[in-house]
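Residue numbers (UniProt numbering): 1 to 210.
Just so it is clear, CB atoms sit at the ideal spot from N, CA and C, and this is done for glycine as well.
Treat the numbers as computed from the prediction; the structure is a model and nothing was measured.
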Amino acid sequence: MESFKKIDFSETPCDLSFKIVLIGHSSVGKTNILTKFCDDHFSFNSTSTIAVEYKTQIVEINDKKIKLQIWDTAGQERFHSITKAYYRRADAAFVVYDITNPESFDKLDYWIQEIKEQEQINPKFMILGNKCDLEDKRQISKEQGEKFAKAKRISFLETSAKEGTNIEKAFEALTKEILKALQNKENTQTDSIVLNPKTHLNQPRKKKCC
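Encoded structure:
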């Protein structure tokens, strides 16, 4: 069973570093998801992100220390030309919608495509249906979120940054997905190398011309 825990910065250096971006419609709660995970803090007065914000959190999976570089990007259209630059070379992305806002759910395809267009090589995705504490205002059912994610073959969770519901679980699951993909890639590369110690032995020597 793989263990997962957040650790403080005094326990560096790290074995690996992963870049994760938070994307989605404006006001879906991306900033509060970030601050809840990194600082265990939630703000009712959180303002819209201007361009990008950034936090670092170190986690440990078994004996591996991993630095998560987490980028919170603005959802407003006027910032898209800026934020696109921060999608590049991301290992994974949380695609966030607000369960009380159908427009934010309808834009999921758009946000997924935004990441895929930035020269990514199979980035990992997870869809988060945020604000699940607002059950009385819900307009997108959990089944709708699950159905969309299943069709895209993407992981899915409903979260509440306010109550902390599934926030750490989401980061744990996505980090493990990135790590698993990295390990599979390394194994594939190792298997493709055929080591033959006799390659340069017993080969006929070329005769000298003179």
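Exposed unless 16 or more other CB atoms sit within 10 angstroms - verdict on residue i
{"i": "P13", "result": "exposed"}
{"i": "residue 212", "result": "Any property of residue 212 remains undetermined from this structure, which presents the chain solely from 1 to 210."}
{"i": "S3", "result": "exposed"}
{"i": "D109", "result": "exposed"}
{"i": "E117", "result": "exposed"}
{"i": "Q57", "result": "buried"}
{"i": "residue 224", "result": "This structure does not reach residue 224, given that the chain is present from 1 up to 210, and the question cannot be answered."}
{"i": "N130", "result": "buried"}
Cut-off 6 Å between Cβ atoms - residues of its own chain near residue i, not counting five sequence neighbours on either side
{"i": "A90", "result": "K19, V21 and P123"}
{"i": "D15", "result": "K64 and K65"}
{"i": "A161", "result": "G29, N32, I33, K36 and F42"}
{"i": "E163", "result": "D133"}
{"i": "Y54", "result": "W71"}
{"i": "I7", "result": "I58 and E60"}
{"i": "Q139", "result": "T100 and P102"}
Nearest neighbour of residue i, chosen from the options [CA to CA]
{"i": "A149", "options": "C132, A170, F125 and I167", "result": "F125"}
{"i": "K176", "options": "N62, W71 and F42", "result": "N62"}
{"i": "T73", "options": "K137, V59, I33 and A181", "result": "I33"}
{"i": "I167", "options": "F9, L128 and Y110", "result": "L128"}
{"i": "E103", "options": "S27, N184 and E143", "result": "S27"}
{"i": "D98", "options": "L182, E135 and Q57", "result": "E135"}
{"i": "K137", "options": "G145, T100, N184 and T188", "result": "T100"}
{"i": "Q69", "options": "Q139, R153, S17 and K152", "result": "S17"}
CB of residue i within 8 Å of CB of residue j, strictly
{"i": "I178", "j": "A93", "result": "no"}
{"i": "K5", "j": "V59", "result": "yes"}
{"i": "residue 214", "j": "A181", "result": "Residue 214 lies beyond the residue range present for the chain, which begins at 1 and ends at 210; the question has no answer from this structure."}
Beta-carbon contacts of residue i that lie in its chain and below 8 Å, excluding the five residues immediately before and after
{"i": "S165", "result": "Checking the sequence, you will find Thr at residue 165 rather than Ser. Closer than 8 Å at Cβ, skipping near neighbours: C132, D133, E158 and T159."}
{"i": "Q144", "result": "F105"}
{"i": "E186", "result": "none"}
8 Å contact criterion, which residue i and residue j should meet: CB distance rounded
{"i": "I112", "j": "V95", "result": "6 Å"}
{"i": "E114", "j": "Y86", "result": "11 Å between Cβ atoms; not a contact."}
{"i": "K142", "j": "H25", "result": "About 18 Å separates the two Cβ atoms, so there is no contact after all."}
Beta-carbon proximity list for residue i, same chain, < 7 Å, skipping 5 on both sides
{"i": "R78", "result": "Annotation note: pLDDT 45 at R78 (below 50); position unreliable, no value reported."}
{"i": "F9", "result": "I58"}
{"i": "E146", "result": "F156"}
{"i": "K169", "result": "L157"}
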